[in-house]
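Under the UniProt record's numbering, residues 1 to 478 are what the sequence shown spells out, in order. Beta carbons: idealized from backbone N, C-alpha and C, even for Gly. See structure below.
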Amino acid sequence: MLSWKLLAIETLLYDTICSFKDLCHRKLQATSLPSGTTLTQGLCTEGEEVVSKGATGSKPDLFLTKVCSWRLRSISEEPGDPRNSSLVLLSAGFSRFYLEVLPSTMGSKLSVDDSVCVVIVGGGFGGIAAASQLKSWGIPFVLVDMRDAFHHNVAALRASVESGFAKKTFISYSVSFGSSFRQAKVVGIDLEKTQVLLNDDKEISYSHLILATGSDGPFPGKFNQIIDMETAIHTYEDMVKEIQKSSRIVVVGGGAAGVEMAAEIKTEYPAKEITLIHSKMALADVELLPCVRQEVKEILLRKGVHLLLSESVSNLQMLTLNQFQEDMVVKTDKGTEIAADLVILCTGIKINSSAYSTAFKDKMASNGALKVNKHLQVEGYDSIYAIGDCADVKEPKMAYHAGLHANVVVTNIINSLTQKPLKTYQPGSLSFLLSMGRNDGVGQINGCYVGRLLVTIAKSRDLFISKSWKTMGQTMPY
């Protein structure tokens, strides 16, 4: 019992420290440091500070705090259980997020030539992270997106089950970036003229190009319709009503989106009959530890979700998705039939490549992602970068990684303008948290199992929404 209490206290202390990083920034402004020094917290023990040098500008671009890392207590008594390691230094997984995805805005400005203009194609997690950092450095940029608001789709599933939640998941681009935002769809790239081509027959010239086009998939997990923010919010509120009307719901797909969808519905509406159909035996993503995937299964079973594993839906094309319809019958390839009032599809993600497919047809991987070098430059192009889902990096497609990519790319643009060495992106050990409703979850950080308590505190309670509002420099509505 004491171990759990210590774990809870340590976790809450760390979370509090991260919340006060702005205070750390202000204290550091008085710190005298060599020009070109980048500060990285790293994994500190016994109060040790780790300072790594790297040229990213004339002032430190990341904050440093004198914070020790607290070792998490074991949460399993089973000998040999991977959860029984010294487990995780909590800061191991999240120091990289707080330090690299959410960089300091200490007021440093970079003097650049009038010819410099960074064009960012796509306003997802990577796009807004890059735009926010460029804005803080005073580097001219244009963010182009077909929608008028950023969609925090990490929380999209909860927005489809909890009334009033959707308004927190859409954040206006123009409020954050003003005239540096352009609402349009990029239909092509003219490499010779260094221009991006828009659907209104206009173009934007660039000195540097960041491709952050993201990926597309079925609603409600993804939302790529070209409609205004208010209409998008109402679309999610309508989905809440469809779920409320339905007593028998089938979720198709048992990857991360599918298991989170089933858990969100069952958490909000425990009396509803939920069936999850998955074509494989193990749930969630293949990169996850076996014990994490097993815990996902056990959480769903505890919540009362009916699992149909190693079965595929055979009549999907005949089913109405996301709309209440009484007495639908979902059929599988094994001959199973399930009565349903609502069917939700949570599978079929694809890379958004239409903006660059013509210009870079010989630089694309089989899934449509762009081949990049260790600096995240598109192969063969020094001033063109790809980040997030559209970058062919051997790691899971996650918002967390898109933010890390953005930091590396902005650093490299600055370094290229100041004739300094480029930064290398190195994928780390997998950190992946699954929110299984607002009060449950499981995952891993740096390859180590993380249980319900930590995931609930770190992700499940607000699904990182507050961090996106902070990145966008706005106040979240309540």
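In angstroms with no decimal places, state the Cα-to-Cα distance between residue i and residue j.
| i | j | result |
| --- | --- | --- |
| N407 | A271 | 44 Å |
| T411 | F432 | 25 Å |
| F170 | I233 | 8 Å |
| E295 | E311 | 20 Å |
| G127 | G335 | 45 Å |
| M476 | E192 | 42 Å |
| I381 | D190 | A small fix is needed here, since residue 381 is Tyr in this sequence, not Ile. Whole-angstrom Cα-Cα distance: 13 Å. |
| P140 | A131 | 10 Å |
| V112 | T418 | 9 Å |
| S268 | A166 | According to the sequence displayed, residue 268 carries Glu and not Ser. So the two alpha carbons sit approximately 15 Å from each other. |
| I445 | L430 | 6 Å |
| C390 | I384 | 13 Å |
| V186 | D200 | 9 Å |
| K459 | I465 | 9 Å |
| G122 | K297 | 35 Å |
| D362 | K394 | 19 Å |
| K21 | S176 | For K21, the pLDDT reaches just 41, beneath the cut-off of 50, and the residue's location in the model is therefore unreliable, leaving the point undetermined. |
| Q244 | K135 | 42 Å |
| S314 | L276 | 14 Å |
| V450 | R438 | 16 Å |
| H152 | K168 | 8 Å |
| P218 | K202 | 30 Å |
| K280 | N373 | 33 Å |
So, at 6 Å on beta carbons, what are the nonlocal neighbours of residue i in its own chain, with the 5 sequence-adjacent residues on each side left out?
| i | result |
| --- | --- |
| D228 | D148 |
| V119 | V142, V196, I204, Y206, L209 |
| K303 | K266 |
| N224 | D216 |
| F181 | L143, Y173, S174 |
| S246 | F324, D341, L342 |
| I274 | I249, A262, I265, K266, V305 |
| D333 | S312, S314 |
Just to check my reading of the structure: residue i and residue j have Cβ atoms closer than 8 Å, yes? What is that Cβ distance to the nearest angstrom?
| i | j | result |
| --- | --- | --- |
| A212 | L198 | Wrong, their Cβ atoms sit about 16 Å apart, outside the cutoff. |
| A282 | G255 | That pair is no contact at about 11 Å. |
| S215 | N352 | 6 Å |
| D392 | A369 | 4 Å |
| V343 | L309 | Rounded, the Cβ-Cβ distance is 18 Å, inconsistent with contact. |
| G221 | A263 | Contact doesn't hold; Cβ gap of about 13 Å is too wide. |
| E287 | P396 | 6 Å |
| residue 487 | I387 | No answer is possible for residue 487: it lies beyond the span of the chain, which begins at 1 and ends at 478. |
| L300 | L289 | Contact doesn't hold; Cβ gap of about 17 Å is too wide. |
Considering only residues of the same chain and omitting the five flanking positions on each side of residue i, which have a CB-CB separation below 7 Å?
| i | result |
| --- | --- |
| S205 | C117, T194, Q195 |
| A340 | R248, I249, V250, M328, V330 |
| R452 | D440, G441, V442 |
| G138 | K109, L110 |
| K241 | none |
| L463 | V154, A155, R158, S435 |
| M239 | S160, P220, N322 |
| E237 | S163, A166 |
| G253 | H278, L345, C346, T347 |
| G124 | A212, G214, G388, A402 |
| H405 | G126, L376, I387, G388, A391, Y425 |
| P427 | V393, K394, E395 |
For the alpha helix (DSSP H) holding residue i, just list the boundary residues, first then last.
| i | result |
| --- | --- |
| F125 | 125-137 |
| K331 | Element bounds for K331: not the alpha helix (DSSP H) but the beta strand (DSSP E), 328-331. |
| I349 | Careful: I349 lies outside any alpha helix (DSSP H) and carries neither H nor E. |
| I265 | 256-268 |
| V175 | 173-177 |
Which residue comes first and which comes last in the beta strand (DSSP E) that contains residue i?
| i | result |
| --- | --- |
| D238 | First-last for D238: 229-245, but that is the alpha helix (DSSP H), not the beta strand (DSSP E). |
| G188 | 186-190 |
| F360 | Element bounds for F360: n/a, residue is neither H nor E. |
| V121 | 118-121 |
| Y385 | 384-386 |
| F181 | 181-183 |
| S205 | 203-205 |
| H278 | 273-278 |
| E337 | 337-340 |
| Q474 | Taken as a continuous stretch (DSSP letters only), Q474 belongs to no beta strand (DSSP E), as it is neither H nor E. |
| L211 | 208-211 |
| D249 | It is Ile, not Asp, that sits at residue 249 in the sequence shown. From DSSP, the beta strand (DSSP E) with I249 extends over 248-252. |
| Q195 | 195-198 |
For residue i, which residues in the same chain have their Cβ closer than 8 Å to its Cβ, ignoring the five residues on either side in sequence?
| i | result |
| --- | --- |
| S357 | M364, G368 |
| K371 | K363, M364, A365, V378, E379, D392 |
| E260 | L157, L434, S435, M436 |
| G473 | S132, S176 |
Using a Cβ-Cβ distance cut-off of 9 Å, determine whether residue i contacts chain D.
| i | result |
| --- | --- |
| T231 | No chain D is part of this structure, which consists of one protein chain only. |
Under the criterion of a Cβ to heavy atom distance below 8 Å, does residue i qualify as lining the ligand NAD?
| i | result |
| --- | --- |
| Y356 | The model on display carries no ligand, and the ligand NAD is accordingly not part of it. |
My parser needs the beta strand (DSSP E) runs of 3 or more residues fully inside the region 287-324; what are they?
306-309
Where are the alpha helix (DSSP H) runs, 4 residues long or more, that stay fully inside the region 414-467, in chain order?
452-455
Of all the beta strand (DSSP E) runs that stay within the bounds of the region 134-170, which reach a length of 3 or more residues?
141-145, 149-151
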